[in-house]
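Accompanying notes for the structure given below.
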Amino acid sequence: MSSEYELSDAYSALDSRWADFTGDESQPDPADAYTFQFHSIDEELGPDQRWTTWLDVERGSRGPEPRPSWVVTEQAAIDTELGVLKTGKEADVFLLERAVEAIGDNPAKSSLLAAKRYRTEEHRSFHRSTAYVEGRRTRNSRDSRAMAKKTAHGRSVAAGQWAYAEWDALNRLWKAGVPVPYPVQVDGTELLMEFIDDGEGGAAPRLAQVRPPKELLGQYFEQLRGGMRELARVGLAHGDLSPYNVLAQGERIVMIDLPQVVDIVGNPKGMDFLMRDCHNMATWFTNRGLEVDEQELFADLLSMVF
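What follows is the structure, given as structure tokens:
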């Protein structure tokens, strides 16, 4: 056991090195090492607010690393719902701000997210074709039985399956370099992802809504073909690709709405879905003045698969 004299010597040694480390000629008080600073946080939330759910979800339900610097991971962050971005037949998309105030030396931080919330089956006005899900497996047998019986749990599982299908697709494609929104997290039927803006605070328009000049049109097509090639490289087709599922963010395009991605080889209709994607996009670009041969595009993508 250390004697009183040994402890005194240790404190003296600390005193002698203090000025070297800090340039401060005053002597440190060892008790300062146990001094904590606390900052109060207002816990009263508004009706459209909630505490961040970042750490509430499973580890595998948070976005892939390396994460973009704008992703807010602090547990003190607050989610504020700012309004509806899109109302769809199977899901609604809301604009969400995730923000944390400055605490001590940590600066304030915030980011805008798109919160896509899938409806349960009884509240949906659209049912995706079972052709999309051929070859997919349900996470466990209990869920499969519940879905078959159409119980309340089964309906919830069915909605969650589409959310997790899109989550898995976004993760896989983001890592592969496909131009898709960064997936932030998934929790049940809610998927949070990067908000693709128009550079002025609003949402980026869909490709179908823009009339780009011919030079930019060519850039868009090369980006689109590159994204479709990367999809094909990992064996997938978008399955529902059209000018309405591509966003135009300035000179950049971003593919969205990916819960139905199709395994080109594993799905019996995989080739048909790939061909339809090619037809839809080739038709749009050709109608805008850029000649695109859908058969050549299809053959190019197949070369990435086999």
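Numbering (the working numbering), first residue to last: 95 to 400. We treat Cβ as the ideally placed atom computed from N, Cα and C, and that holds for glycine.
Asked                                                                                                                                                                 : Found
In terms of alpha-carbon separation, which member of Ala376, Arg323 and Ile347 lies closest to aspartate 394?                                                         : Arg323
Please report the residue range of the beta strand (DSSP E) in which glutamate 191 lies.                                                                              : 185-194
Using a Cβ-Cβ cut-off of 6 Å (strictly less than) and excluding sequence neighbours within five positions of methionine 281, which residues of its own chain qualify? : Going by the sequence as given, residue 281 is aspartate instead of methionine. Excluding positions up to five away in sequence, the list reads Thr147 and Val151.
Contact check, tyrosine 276 vs glycine 154 under 8 Å by CB: the rounded distance?                                                                                     : Contact doesn't hold; Cβ gap of about 16 Å is too wide.
Tell me, please, which residues DSSP counts as bridged to isoleucine 358.                                                                                             : BP columns for isoleucine 358 are empty, so no partner.
For glycine 160, which of Ala257, Asn381, Asn265 and Tyr212 has the nearest alpha-carbon?                                                                             : A small fix is needed here, since residue 160 is proline in this sequence, not glycine. Nearest option by C-alpha distance: Asn265.
What first and last residue would you give for the beta strand (DSSP E) that runs through arginine 144?                                                               : 143-145
Is there contact between the region 298-307 and the region 198-218, where contact requires at least three CB pairs shorter than 8 Å?                                  : no
Are leucine 190 and leucine 207 closer than 8 Å when you measure CB to CB?                                                                                            : yes
Which word fits lysine 210, buried or exposed, when buried means at least 16 other C-beta atoms lie within 10 angstroms of its C-beta?                                : buried
Return helix, strand or coil for glutamine 343, following the three-state DSSP convention.                                                                            : strand
Can you tell me which residues form a DSSP beta bridge with methionine 287?                                                                                           : Ala208 and Pro277
Which partner residues of valine 272 appear in the DSSP bridge assignment?                                                                                            : According to DSSP, valine 272 bridges with nothing at all.
Could you name the residues that DSSP lists as bridge partners for asparagine 200?                                                                                    : Ile197
Take aspartate 173 as the anchor and find which of Phe188, Glu184 and Val399 has the nearest alpha-carbon.                                                            : Phe188
Whole angstroms are fine: how far does the CA of arginine 192 sit from the CA of glutamine 143?                                                                       : 10 Å
Would you call the CB atoms of glutamine 169 and leucine 139 closer than 8 Å?                                                                                         : no
Just the Cα atoms here: how many angstroms apart are glutamine 313 and glutamate 345?                                                                                 : 8 Å
Less than 8 Å between C-beta atoms, sequence neighbours within five positions excluded: which residues of the same chain meet that for tryptophan 378?                : Leu301, Ala302, Ser336 and Pro337
Check for me: the alpha helix (DSSP H) holding valine 293 runs from which residue to which?                                                                           : Here residue 293 turns out to be glycine, not valine, going by the sequence shown. No alpha helix (DSSP H) contains glycine 293, which DSSP labels as neither H nor E.
Should alanine 331 and phenylalanine 367 be called a contact, given that it needs their Cβ atoms to be closer than 8 Å?                                               : yes
Could you check if glutamine 255 is buried or exposed, using at least 16 other CB atoms within 10 Å of its CB as the buried criterion?                                : buried
DSSP three-state call for asparagine 381: helix, strand or coil?                                                                                                      : helix
Cβ of arginine 213 within 8 Å of Cβ of alanine 185?                                                                                                                   : yes
Helix, strand or coil: which one does DSSP assign to aspartate 173?                                                                                                   : strand
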